[in-house]
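Written out below as structure tokens is the structure these notes cover.
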Amino acid sequence: MPDIQALVSDLASKLRKRRVQGSYETARLTAELLCAVILQHKEPTTNGAASLIEAVRRVGEQLIAANPVELAVGNIVRHVLHIIREEDLSPLTDIVGELKLSAEDDVEDIAEDENSQKSSATTDGCLLKPPLLLAVFEHLPDSATACQTFSSENIFAGKADKSAKKLKSELIKAVNELIEDINTCREGIAEQAMELIHQNEVILTLGHSKFVKEFLCAAKEKKRSFEVFIADGAPKFEGHILAKELDKKGLKAIVITDSAVFAMISRVNMVIVGVHAVMANGGVIAPAGLHVLALAAKKHDVPFVVVASTHELCSLYPHNLEVLLNEMRCPSELLNFEEFSDCIDYGIASSSSLLHVVNPAFDYVPPELISLFVTDIGGYSPSYIYRLIADYYSSEDLPPQQKPAS
Amino acid sequence: MGAQKKRAAAAAAAARVSEDPDDLARQPLQAILLADSFTTKFRPITLERPKVLLPLVNVPMINYTLAWLEAAGVAEVFVFCCAHSKQVIDYLENSEWFSQPNFTVKTIESHNIISAGDALRLIYEQNVIHGDFVLISGDTVSNMSLTQALQEHKERKKKDNNAVMTMIIKKSKPSPITRQSRLGTDELFMAIDPNTKQLLYYEDKADHSKGTICLDKMLLAENPSISLHNDKQDCYIDICSPEVLSLFTDNFDYQHLRRHFVKGLLLDDIMGYKIFTHEIHSSYAARIDNYRSYDIVSKDIIQRWTYPYVPDVKFCGNRATKLERRGICFTAFNSEIEQSRSAQVGSFTVIGYGTKIGSNSKISDSVIGEGCTIGSNVLIEGSYIWDNVIIEDGCELRHVIVCDGVIMKAGAVLKPGVVLSFKVVIGERFVVPAYSKVSLLQQPTVHDSDEELEYADNSSGTVEFSSIQGTADQSNGEMTSESSEAHKPKLGTGGVGYIWSICEGGQEEEWRHSVAPIPEDKLTELSEAMDDDQELVTQDRTALSTSGELISDSNASEGDDNEDSKDDSVYFEKEVEATFLRAVEENVKVDHVILEVNSLRLSYNMTSADCAGAVFYSMMKLAIKTPHSSAIGLLTLYPSPFSMVASNAYPIYLSGELQQNTANIITTWQKLLKSYLLEIDEEIEIILKFEEMCLESAKEFSPLFARILHILYDKDILQEDAILRWADEKEGADESDKVFVRQSEKFIQWLREASEEED
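Laid out in structure tokens, this is it:
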């Protein structure tokens, strides 16, 4: 069984070395890792939830410190903490009543799980999770059966023990749901495409966002016909990738440069973009260049729609320095090192290099420029984001890691 | 719930399965990392610490190499340690590299190895390399992706079993003035087949004084096309097949990877092994070979060209740094520094953990290590200050390297290019002269001319170190200043350490490879010297004309008006003169000289008037030179600025003698001159040329102008019409231009009268 610490440091080092990037990917990996953390957590007899929270938070700190720019990590950590708190509070009163019933349920569940996992384990060979699940649940039948035969004195101790187990299984369930949500969020977003994209409309997007792609494709599949302008998204020019993908789907795509967005905006009915993170005030951290596009859209009163999943929902405010910390990427994305190596020669006293290249990855777009957020749980206006935050995160965890782990 | 779990598990399994075949198909890639450069360029620092552990932007160099290898998909790295192997191994053991999943680091240790060749032979004996491997030295910084190069290598290997190595190269233009790349390495010449990318020729030690490189003509015969480059930089990253190791074993005299191995393979046509190149474009790769490249690569790292190996990304367990905006650019900061309010930290500076900076200090373009204490009113510019350095108030440091534990007493000044090795103490107000290297160790007295032998005396070096360490420790007492006074240059009151005398390479080499930028006066000096060279090169017409570009560059820097035609005519003139002089020396027949000048005329696309002018110019030059040829000798052979000074220093020609000489020469060579004087225009050109010479380059003639004009007339070289028209043209000119018309007024008068008489 892989050591949990090894898994954590593995993901942390991947984040650190920028091997894992993008909010979707980081969110998924973080959620899966936290699931494993919860599974493997050895609970003390009392106060299981608190120790779990502590454990998750410790792991979260490591991950967040590994790459503070990937805000999705922090979002998932906070959400999981929130889940733990919720689960910890809600069912306490019901436990006694449900004890017997749920124990039996669990046993059945487990039997079912065991079967299914054995089959999947035999077919799939090396699996990460099933062994973990088995290891946890193997204890359960004993306690459950013991529970039923317990005398009345023991029933409270058993209840406490049971509640811990119960908590854990509920948690696993919730976290798995979260993983499921992350995996399916694109479909959830794409479902709303029909309501937003109308016949013969012209859509403008910038760069390449998987959400936007799915969104557009979903509308296309429902036989809507519309045109897409794609601003190519310098310096990575990921817009070209999107153009190719849309072409395969049979969508009419027109590629323009970033600098042409203002020229084109008057012919556009709607701007749809994907973002890096949604801030608590309704602003967004987005790929560089989006602010210009948002301003252009505002100027011409074109709706500026942001597609984002709930795991991009960040409980921080943009005045937080940690958040505005931009990722400065490699200058060679902008210009060719060889060609400019003459200008970047520091070796000669007279021409101490005056040429510098700055390549920030992100823009901050303030909420007043955004018309609508389309999330996997529906459409919201920027001013409503704080409510969503309250639903998704517990206030105790905001902001959870004030001191960066050094 | 069960269903969900199942789905998640299946998804995870699917993800794993999809990776697996990939992994299996790929044989785990191995790498050999030479943790030793086998040179002495970083002395005196490398006497105490191996080069791969020297901090580069506060991270020991070897981490950059290892991090890149890991990212590039290398599974197993053999670190070959030699000099200070203990330190390297200790460092690696305490680092996180030994505990990485999917990435193993193994060390191979040996003490009696003196070259890369020996190291590879030893590795071959150990029989640990099973497939293709990456050969790299522990001082290389890169962020390139190996996938493509590796793919190409493998495909070539499949087709041709002799393709044993792929060398990574990158475009980088050497400076035309210093003849070295921006990394401070010498200009590198490579011949590459543009289609197959096969390396055909490799020369990194070309003799620039000759300005020539020699290619085997077989190369040209055998290959349909060759491109010759001097704008490529060798990244010292090689992808090798296992045969490379056995090749080293077979050829036990291969020592140096490039000088012996690469050149050896290229020359050896019996075995037919081939080396190919792979050029990288947008990614970064550079090796730290000398102090200059240390400086340049550090700056590249700070400017993020090596992303993601930059100070604020924790790629190897280095401490977290934060970027802070300074103006438009960024400065990397550690969260735990103490900085006075009035201290100014400029852009592109990295400051390490726990460093204190006093008030009114100015720091720019520098790297400061951990735990340093910097006093007030200190000026630090373009410098590299390692850990735990104490700099007291009022010091000035410009473009220097300061190693761990150095103490600079108040008011000390380091001139550009200084290197202070470990724990040196600089006394109060002491000024360390430029380019000096200061160490606690004495300079090894026997300077081994062979630069391969770093460690021959290495062991003794460390012993020495410990003994001197003793004295250094006492330095807080009052003993040392006296004892050291006796036999070494002092480093001011309370200073500890020896200033190394600059080794045989001399000053010449110091500025080339130093951490300080090349001073401007050196550059102008060089470009002047190069102009002279250029003349020599043109003189020696066998020279490869690499120069079309160089010439215009150098002229531009002088600020001449350099239209191309002007340039051409200047060089044409020089060529003609050279031809003429040779003709005189070797008694070449006049007809042949005419032929040669004609060919020159065609190649430079000149008019016959230009030829006439040039020939006449050469003749006059010869005339000046003749009486003193023994005394002035070769100096006046070429009309360089220096030789003009020389000839001006001997203005003692008796005018009669000079006139006589001129007459003789004109008599001898009149046929040559006449062959270009087809029309009157050319004759006028000659007069104008002569006038110009008298004014500028050969003032000796000025008193003789009229007489020589007469001689020319007598010899039928100039017709009276030409002279008269010249005089007419000059009528309207400025007074200053009319000097010679005046001088020859009588003669012209006489000519006019004569022609009138004829009429």
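So the protein sequences, as listed, match chains Z and A. Mapping of the first sequence onto my numbering: residues 24 to 429, in sequence order. Mapping of the second sequence onto my numbering: residues 2 to 760, in sequence order. Every residue, glycine too, gets a C-beta built ideally from N, C-alpha and C. Fair warning: this is a prediction, and the values are worked out from it, not measured in the lab.
Under the DSSP definition of a beta bridge, C82(A) partners with E110(A). Chain-order list of chain Z residues neighbouring F39(A): empty, with the shortest C-beta distance near 24 Å, by a criterion of under 9 Å. The beta-carbon separation of I303(A) and I238(A), rounded to 22 Å, does not stay under the 8 Å limit for a contact. At a cut-off of 8 Å, the C-beta of K40(Z) has a neighbouring C-beta in chain A. Sequence-distant Cβ neighbours of H85(A) in its own chain, meaning closer than 6 Å and more than five residues away, are P51. Excluding the 5 residues flanking it on each side, S289(Z) has same chain C-beta neighbours closer than 6 Å at H323, in chain order. Separation of the CB atoms of A300(Z) and A95(Z) is rounded to 7 Å, and the pair is thereby assigned contact status at 8 Å. When secondary structure is reduced to three states using DSSP, S138(A) falls in the strand class. According to the DSSP assignment, I408(Z) belongs to the alpha helix (DSSP H) that extends over I408 to Y415.
Neighbourhood of S364(Z) in chain A, by CB distance below 7 Å: S173, K174 and R183, in chain order. For A72(A), the residues of chain Z that pass the 7 Å Cβ criterion are K40, in the order they occur in the chain. In this structure, S422(A) lies away from V401(A), with their beta-carbon atoms at least 8 Å apart.
Scanning its chain for C-beta atoms nearer than 6 Å, with the 5 sequence neighbours on each side dropped, one finds around H261(A) the residues Y255, in chain order. Of all residues in the region 281 to 298 of chain A, only H282, S283, S284, Y285, R293, D296 and I297 come within less than 8 Å of chain Z when Cβ atoms are compared, listed by chain position. Against chain Z, a Cβ distance below 8 Å from W727(A) picks out nothing, because the smallest value is about 46 Å.
Note that the C-beta distance between E237(Z) and K275(Z) is not below 8 Å. Between L674(A) and V616(A), the C-beta spacing is below 8 Å.
Non-local beta-carbon contacts of K245(Z) in its own chain, meaning distances under 8 Å to residues more than five positions away in sequence, involve A216 and M217 in chain order. Pairwise C-beta distances place the region 222 to 232 of chain Z in contact with the region 250 to 264 of chain Z, as three or more of them are shorter than 8 Å.
For A311(Z), same chain residues with a beta-carbon under 7 Å away, outside a window of 5 residues either side, are P383, A384, F385 and D386 in chain order. Listed along the chain, the chain A residues whose CB falls inside 9 Å of the CB of C353(Z) are N144, S283, S284, Y285, R305, W306, T307, Y308, P309 and V311. At a beta-carbon threshold of 8 Å, the residues of chain Z lying near P102(A) are A29 and D33, ordered along the chain. The CB of E268(Z) never comes closer than 7 Å to any CB in chain A; the least such distance is about 20 Å. Interface with chain Z (8 Å Cβ-Cβ cutoff): F277(A) is excluded.
Taking C-beta atoms as the reference points, T356(A) and G372(A) count as a pair closer than 8 Å. The DSSP-derived three-state label of S394(Z) is coil.
For T66(A), the three-state secondary structure derived from DSSP is helix. Under DSSP, G402(Z) takes part in a beta bridge, and its partners are V397(Z). Listed in chain order, the non-local C-beta contacts of L713(A) below 6 Å within the same chain comprise L719, local neighbours out to five positions each way being set aside. With a cut-off of 8 Å on Cβ pairs, the region 347 to 357 of chain Z is in contact with the region 295 to 315 of chain A, counting three or more such pairs. Given a length threshold of 4 residues, each whole run of the alpha helix (DSSP H) inside the region 580 to 632 of chain A is given here in chain order: 591 to 605 and 609 to 626.
Less than 8 Å divides the Cβ of K410(A) from the Cβ of E429(A). Residue ranges of uninterrupted alpha helix (DSSP H) with 4 or more members, entirely inside the region 119 to 183 of chain A and ordered along the chain, are 148 to 160. Annotated three-state conformation of Y714(A) is helix, per DSSP.
Annotation: the continuous beta strand (DSSP E) that includes K363(A) extends over K363 to S365. Residue contact check for H379(Z) against chain A: a CB pair falls below 8 Å.
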